[in-house]
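Structure, as structure tokens:
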Amino acid sequence: MNKFLFHHETYESEYNCSFYDVNQISLADRQHPIIGVIFVVTATIMILLYLPCILVFCRGRYRKQPCYKLMIFLGIIDVIITFCNGVLTGFFIIFGVVYCEYPMFTYIIGSFGVSLWCAQSASLDFLALNRCLEMARSHFSQLLFDKNLVYVWISMAVAYFFLVFWYSTPAMFSPFHMSWMFNPHVGYYADVESKYRNVVHMPNNIFVIVAMTSIYTVFILIFYKKSSATTNKKHVKQTFVQVFLLCLATVILCVSYIIIQFITLPTQTTMLTQFVWICYGGVVVSANFMNIQCDFFFMMQSGALDGTFVLDSALVVLLTGTAALHGANWGGKVRVFAVELFCDSEMSELVCVFANYYYQFKKFIAKNVNVIFKPCPLAFLTWLQKQENRKQFYRN
Numbered sequence: 169m170n171k172f173l174f175h176h177e178t179y180e181s182e183y184n185c186s187f188y189d190v191n192q193i194s195l196a197d198r199q200h201p202i203i204g205v206i207f208v209v210t211a212t213i214m215i216l217l218y219l220p221c222i223l224v225f226c227r228g229r230y231r232k233q234p235c236y237k238l239m240i241f242l243g244i245i246d247v248i249i250t251f252c253n254g255v256l257t258g259f260f261i262i263f264g265v266v267y268c269e270y271p272m273f274t275y276i277i278g279s280f281g282v283s284l285w286c287a288q289s290a291s292l293d294f295l296a297l298n299r300c301l302e303m304a305r306s307h308f309s310q311l312l313f314d315k316n317l318v319y320v321w322i323s324m325a326v327a328y329f330f331l332v333f334w335y336s337t338p339a340m341f342s343p344f345h346m347s348w349m350f351n352p353h354v355g356y357y358a359d360v361e362s363k364y365r366n367v368v369h370m371p372n373n374i375f376v377i378v379a380m381t382s383i384y385t386v387f388i389l390i391f392y393k394k395s396s397a398t399t400n401k402k403h404v405k406q407t408f409v410q411v412f413l414l415c416l417a418t419v420i421l422c423v424s425y426i427i428i429q430f431i432t433l434p435t436q437t438t439m440l441t442q443f444v445w446i447c448y449g450g451v452v453v454s455a456n457f458m459n460i461q462c463d464f465f466f467m468m469q470s471g472a473l474d475g476t477f478v479l480d481s482a483l484v485v486l487l488t489g490t491a492a493l494h495g496a497n498w499g500g501k502v503r504v505f506a507v508e509l510f511c512d513s514e515m516s517e518l519v520c521v522f523a524n525y526y527y528q529f530k531k532f533i534a535k536n537v538n539v540i541f542k543p544c545p546l547a548f549l550t551w552l553q554k555q556e557n558r559k560q561f562y563r564n
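If you use this note's numbering, the sequence shown corresponds to residues 169 to 564, in order.
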């Protein structure tokens, strides 16, 4: 935007469209309505899935937790960026829009999109670091992220956004690739002099690849070490797959957009890369739920498992997540252990809400399901006291 606002002569020399006619490639060859509709629908679904998560994280005392503050910030970025690279891109694909038809609008959206991607990358790195430190050394996490310190990290991402927005080369939509390229005249004019190359984009992506791979490798090692004593190998495997897929999606996305800027790839490849970016927000949502599951999983190993309940399996999944499904299946019912440990101090707030749901519907469950309850009396009384102390929190 610096070039557009304060160096307009340079902008005019590089981004004018006077030396070719956009209609030399027919509109029919530029339009792809079916693919555009798929992009718009997919992006809309992702946004609708994301908004409830943001609203939940903004309620009550959740937003006071550092990780939730990062998730709220990341969620806002993801919703905006999904709208840009999904909904707007989908309409551009439907109508076969090229840069020279709407130069100012495309330039601003392109600057916005690149900047949002960089801010999203930084936020993901910060969130991954926070979660890894919380699992490995919680006091380090508190030292770096607790109270108002988390706003320093968020401010860094915001500052990064504005720096890239102001000084970086914007990406321009290309209907020939159904993606965003830095050369505004791609399809008409080849950038043989590399004057449209973005000097921030590639270093940003390389850093994200190294950072995410390193952090999540440490995460997996710590998780595997702490979970080696458990018999719930299914959940260990599930968490490993979730972490691996998140890291893999990030790496693939970063590598793909680096390659696209240097090598001419088939349209199907660039289109698929753009579609993966749209779906990337859904991967982030899954990662957030993965963090909650991990908190629950390690809570299950924090003490003696004295309580035994028999609940309807669907209700168990709703209340506690799949990590709670231990024991033998009896005709659609599942044995669940250690419900009285649900509100230990190191737990995720959302898991405490699940515990409160169980507490509130305990009488209903007892009337409709065969309940076996043989807890350690002291543990059970402690659990009930914790529930009473948290009632005000749940009302908020």
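Using N, Cα and C, we set each Cβ at its ideal position, and we do this for glycine too.
Take the alpha-carbon of A196 and the one of F344: they are about 11 Å apart. Membership of M324 in any beta strand (DSSP E) is not indicated; the residue belongs instead to the alpha helix (DSSP H) covering 317–335. A Cβ-Cβ distance of about 19 Å is found for the pair T438 and V376, leaving them out of contact under the 8 Å criterion. Between G258 and P338, the C-beta gap is not smaller than 9 Å, which leaves the two residues out of contact. Across the set Y448, G281, V224, T381, the C-alpha of T381 shows the shortest separation from the C-alpha of C415.
In terms of Cβ geometry, G264 and Q199 form a close pair [threshold 9 Å]. Judged by their CB atoms, V255 and V332 are not nearer to each other than the 9 Å cut-off. Just so you know, the alpha carbons of V354 and I222 end up roughly 37 Å apart. Around the beta carbon of F430, fewer than 16 other beta carbons lie within 10 angstroms, which makes this residue exposed. In the three-state reduction of the DSSP assignment, M272 falls in the helix class, which pools H, G and I. The straight-line gap separating the alpha-carbon atoms of Q288 and I245 is approximately 6 Å.
With three or more CB-CB distances shorter than 8 Å, the segment 320–334 counts as touching the segment 288–298. F251 sits in a helix when the DSSP states are folded into three classes.
The Cβ neighbour count for D314, taken over all protein chains shown within 10 Å, is under 16; the residue is labelled exposed.
Take the alpha-carbon of Y364 and the one of E182: they are about 8 Å apart. Distance from the CA atom of V209 to the CA atom of W348, rounded to whole angstroms, is 19 Å.
For the pair I276 and P201, the CB atoms are not nearer than the 9 Å cut-off.
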